[in-house]
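There are 2 protein chains.
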Amino acid sequence: MWSVDDAALERIAIGAGVLGTGGGGNPYLGRLMAGRLLAEGATISIVAPEDVPDDALVVSVGGMGSPTVSIERLRRGDEPLVALRALERHLGRRFTHLVPGEVGGSNSTAPMVVAAQTGLPVIDGDGMGRAFPELQMETFAISGVRPTPAAIADPRGHVVVFDNIADAQTLERYARAVTIQMGGSTGYAFPVMTGAELKRTAIPHTLSLADRIGGAVLAARATHADAIAAVLAVAGGHRLFAGKVVDVNRRLEGGFARGELRLQGTGDDADSMLTIDFQNENLIARTADGDVLAVVPDLICLVDAETAEPVTTEVVRYGLRVVVLGIPAPEQLRTAEALAVVGPAAFGYVDVAYVPLSGLYGGGDGSLIRHRLGGP
Amino acid sequence: MWSVDDAALERIAIGAGVLGTGGGGNPYLGRLMAGRLLAEGATISIVAPEDVPDDALVVSVGGMGSPTVSIERLRRGDEPLVALRALERHLGRRFTHLVPGEVGGSNSTAPMVVAAQTGLPVIDGDGMGRAFPELQMETFAISGVRPTPAAIADPRGHVVVFDNIADAQTLERYARAVTIQMGGSTGYAFPVMTGAELKRTAIPHTLSLADRIGGAVLAARATHADAIAAVLAVAGGHRLFAGKVVDVNRRLEGGFARGELRLQGTGDDADSMLTIDFQNENLIARTADGDVLAVVPDLICLVDAETAEPVTTEVVRYGLRVVVLGIPAPEQLRTAEALAVVGPAAFGYVDVAYVPLSGLYGGGDGSLIRHRLGGP
Numbered sequence: 059m060w061s062v063d064d065a066a067l068e069r070i071a072i073g074a075g076v077l078g079t080g081g082g083g084n085p086y087l088g089r090l091m092a093g094r095l096l097a098e099g100a101t102i103s104i105v106a107p108e109d110v111p112d113d114a115l116v117v118s119v120g121g122m123g124s125p126t127v128s129i130e131r132l133r134r135g136d137e138p139l140v141a142l143r144a145l146e147r148h149l150g151r152r153f154t155h156l157v158p159g160e161v162g163g164s165n166s167t168a169p170m171v172v173a174a175q176t177g178l179p180v181i182d183g184d185g186m187g188r189a190f191p192e193l194q195m196e197t198f199a200i201s202g203v204r205p206t207p208a209a210i211a212d213p214r215g216h217v218v219v220f221d222n223i224a225d226a227q228t229l230e231r232y233a234r235a236v237t238i239q240m241g242g243s244t245g246y247a248f249p250v251m252t253g254a255e256l257k258r259t260a261i262p263h264t265l266s267l268a269d270r271i272g273g274a275v276l277a278a279r280a281t282h283a284d285a286i287a288a289v290l291a292v293a294g295g296h297r298l299f300a301g302k303v304v305d306v307n308r309r310l311e312g313g314f315a316r317g318e319l320r321l322q323g324t325g326d327d328a329d330s331m332l333t334i335d336f337q338n339e340n341l342i343a344r345t346a347d348g349d350v351l352a353v354v355p356d357l358i359c360l361v362d363a364e365t366a367e368p369v370t371t372e373v374v375r376y377g378l379r380v381v382v383l384g385i386p387a388p389e390q391l392r393t394a395e396a397l398a399v400v401g402p403a404a405f406g407y408v409d410v411a412y413v414p415l416s417g418l419y420g421g422g423d424g425s426l427i428r429h430r431l432g433g434p
Numbered sequence: 059m060w061s062v063d064d065a066a067l068e069r070i071a072i073g074a075g076v077l078g079t080g081g082g083g084n085p086y087l088g089r090l091m092a093g094r095l096l097a098e099g100a101t102i103s104i105v106a107p108e109d110v111p112d113d114a115l116v117v118s119v120g121g122m123g124s125p126t127v128s129i130e131r132l133r134r135g136d137e138p139l140v141a142l143r144a145l146e147r148h149l150g151r152r153f154t155h156l157v158p159g160e161v162g163g164s165n166s167t168a169p170m171v172v173a174a175q176t177g178l179p180v181i182d183g184d185g186m187g188r189a190f191p192e193l194q195m196e197t198f199a200i201s202g203v204r205p206t207p208a209a210i211a212d213p214r215g216h217v218v219v220f221d222n223i224a225d226a227q228t229l230e231r232y233a234r235a236v237t238i239q240m241g242g243s244t245g246y247a248f249p250v251m252t253g254a255e256l257k258r259t260a261i262p263h264t265l266s267l268a269d270r271i272g273g274a275v276l277a278a279r280a281t282h283a284d285a286i287a288a289v290l291a292v293a294g295g296h297r298l299f300a301g302k303v304v305d306v307n308r309r310l311e312g313g314f315a316r317g318e319l320r321l322q323g324t325g326d327d328a329d330s331m332l333t334i335d336f337q338n339e340n341l342i343a344r345t346a347d348g349d350v351l352a353v354v355p356d357l358i359c360l361v362d363a364e365t366a367e368p369v370t371t372e373v374v375r376y377g378l379r380v381v382v383l384g385i386p387a388p389e390q391l392r393t394a395e396a397l398a399v400v401g402p403a404a405f406g407y408v409d410v411a412y413v414p415l416s417g418l419y420g421g422g423d424g425s426l427i428r429h430r431l432g433g434p
């Protein structure tokens, strides 16, 4: 067990931004709220999944909705707590542990806020190892944890409890429909699981990973070292592309920020153009020639070319100089079972095969083996 | 207190059809389900509102969704019961009485099914005195009963509980969004109120009224008397128009059956055309010249010209010979407070003033004083 201090919050927020792969919401709101609570005397404890008792009562808490909306319409700050309390009331039991649903983006720091508010420890792990736009994309759901009972709450304190829904896709549809009616952004508490279920289904040690990524970035900045190399040294993966943002097409559809962005290559990539499709998160990176450089669930991360500061879908704009990183997804996301839910076809790319980054870069010397759209 | 037998169910279903003013769903599904439960030995008790103790715990139960959908997709039959049990679990208390949300249409007989399933008595009264398309149009909400906690359930047993929502319009938006996701038809349980609140807010004795309307229709049919005159003798009101349906324009919009139907006059009305606008329920009846004959919340009821059988929006079709009845709304719906929620402007008719039927027919001899669209 370790305690999060303000410096750790800063590191985790940076790491969570990288792991957010362009989406997941901005971790800084939660980082600031949690930091304020720490300054007021609260504590935030992190516990390794292997140290969680089998009979623990674990719940995931965080925010739901489009990141574009959640920047425009600041959360009140206690929506996840209100949802958690409603769920406890519904169950007639108190939770013993919190776990992030997704380590990427705002749902890394949102549980820290609830931890500071309640004193409950946060488990060092999550259900995505990155960020994804929909609930059923959590390893909890993929591995059979029941999605309900579940609760959401809005900034006015409105509460909706869902129960007896067997599949996470259905919960996702219902909860998103209400979230849109609630103004586009809610706090959630679900799924409920035992400590044993948590250990079977979570991707472990991802808060530590975010912490180490953020730490590496900050250390590199302080020493004027290569911050991008520092990220890759901790997270693994490759530099996919360096370029300047020349076009951003972003629209709000069904509660999601969807679109594409185009980069004009610089340096070694000066002759190339790269297009990245996103649905909150970056999903697929391909060149103007149709070569696929990386595919969801592998992580496609935009970072500032100088500072390695993560660049999210909601703030990306013309003229930014960025590097695109490709980081292999955790193995739990690369099983056949998981790929059916988080692979390219699940996002509508039925003609794009998932080829793992390690495969794409299987040239022995780490060089890129280009794959044409439609498979190898 | 009285008990409902199969003959009473038949009468109430006919009366509820008339009071449904074209919408409210078909009362026959509930009538058949309740009848089957009666045949299996269940009982259904009706209690007058004045006999309900002040500290009773009352809940309204019924079905939510488009009547067009609920004919196409038969309810499983226990959705309102599932919603009621979820709400009891949420409250940690058991209900003592049921009350129909609306006496018009299917929500007259839906509580009878729950009564037969649970043994709870049904209160002789309701929240509309007719049918309306939206939740906030109940006198319970208009008179300040809190709309939540509330629960809805779908045919697969999925449950959604809403809490801490202060206004019924917001609950209506959230619950309808989920109902649409659930396939268009759900069972509901809400609002929760004490016996004292029930007595302050309900429109009393409306199940008895439906029973007497149905009884009058059946007696007239049996004796070859004028069934339409029999309805008017019990319910009050006027024959507005007699005609043949020549046009029906019906579309499903946002979970509602909206549209218009046109009648070519017959008999005394042979020279006229009548248009009736509906949103599930009939809202406004006006001649081709723009004369308004009746306006919501007054009841505009289509019945078969021979048998007085109610003709609903979902089954009305070209060639039917019908009589249009205008029945004055209960006084609770004609206050300034209520008209803001259930008057013509609430349905988008901002240029139509509400003129009570008694005013429209104020010619002393009961003759119609024609009003032009836009006011007297």
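Residue numbers (my numbering), protein chains in the order written: chain A, 59 to 434; chain B, 59 to 434. Every residue gets a Cβ at the ideal spot worked out from N, C-alpha and C, and that includes glycine.
Asked: Proximal residues of chain B, C-beta to C-beta of A:D335 below 9 Å; Found: Under the 9 Å cutoff, chain B gives no residues; its nearest Cβ is about 26 Å from A:D335.
Asked: Beta-carbon gap between B:T176 and B:A114 smaller than 8 Å; Found: no
Asked: Whole-angstrom C-beta distance between B:G121 and B:R270, which should lie under 8 Å; Found: About 24 Å separates the two Cβ atoms, so there is no contact after all.
Asked: Among A:T237, A:C359, A:V157, nearest to B:L229 - alpha-carbon criterion; Found: A:T237
Asked: Helix, strand or coil at A:E364 [DSSP, three-state]; Found: coil
Asked: First through last residue of the beta strand (DSSP E) which encompasses B:L319; Found: 314-323
Asked: Residues that B:D221 contacts on chain A, provided the C-beta gap is smaller than 8 Å; Found: A144, H216, V217, V218, V219
Asked: Nonlocal neighbours in the same chain, by C-beta distance under 6 Å from B:E255, ignoring five residues either side; Found: V203
Asked: Short CB-CB distance (under 8 Å) between A:H263 and chain B; Found: no
Asked: Where A:Q239 meets chain E, residues with beta-carbon distance less than 7 Å; Found: Here chain E cannot be found, since the structure's protein chains are A and B.
Asked: A:M91 - containing alpha helix (DSSP H), residue span; Found: 85-97
Asked: Nearest-angstrom Cα separation, counted from B:T371 out to B:N307; Found: 10 Å
Asked: Residue range of the beta strand (DSSP E) that includes B:E311; Found: 296-311
Asked: Sheet register partners of B:Q117 (DSSP bridge); Found: Going by the sequence as given, residue 117 of chain B is Val instead of Gln. B:V117 is bridged to B:L156, B:V250.
Asked: Sheet register partners of B:G123 (DSSP bridge); Found: B:S243
Asked: N- and C-terminal bounds of the alpha helix (DSSP H) containing B:G73; Found: 64-77
Asked: Bridge partner(s) assigned by DSSP for A:P262; Found: A:G183
Asked: Cβ-based burial, A:T345 [other Cβ within 10 Å; buried from 16]; Found: buried
Asked: Residue-chain proximity (B:H282, chain A), Cβ-Cβ < 8 Å; Found: no
Asked: Enclosing alpha helix (DSSP H) for A:S164 [first to last residue]; Found: 164-176
Asked: Cα-Cα separation between B:D347 and B:H296, rounded to whole angstroms; Found: 20 Å
Asked: Coarse secondary structure for A:D335, derived from DSSP in three states; Found: strand
Asked: Distance between A:A403 and B:R258 (C-alpha atoms, nearest Å); Found: 57 Å
Asked: Residue from B:Y412, B:P138, B:I181, B:E196 whose Cα sits closest to the Cα of B:V479; Found: The structure shown has nothing for residue 479 of chain B, since chain B only spans 59 to 434.
Asked: Alpha carbon of B:Q322 to alpha carbon of B:G83, nearest angstrom; Found: 26 Å
Asked: Start-to-end residues for the beta strand (DSSP E) that takes in B:R379; Found: 379-385
Asked: Delimiting residues of the alpha helix (DSSP H) encompassing A:A394; Found: 394-400
Asked: A:M331 versus A:R309, A:A208, A:M251, A:L298, residue with shortest Cα-Cα distance; Found: A:L298
Asked: Residue environment, B:V373, which counts as buried when at least 16 other CB atoms sit within 10 Å; Found: exposed
Asked: Minimum C-alpha distance to A:R392 - residue among A:N338, A:R89, A:E196; Found: A:E196
Asked: Spatial distance of B:V399 from B:G245 (CA atoms); Found: 23 Å
Asked: B:D284 - DSSP class collapsed to helix/strand/coil; Found: coil
Asked: Local conformation of A:D225 per DSSP, three classes; Found: coil
Asked: Contact with chain B by A:T228, beta-carbon distance below 8 Å; Found: yes
Asked: For A:L415, the three-state DSSP class (helix, strand or coil); Found: helix
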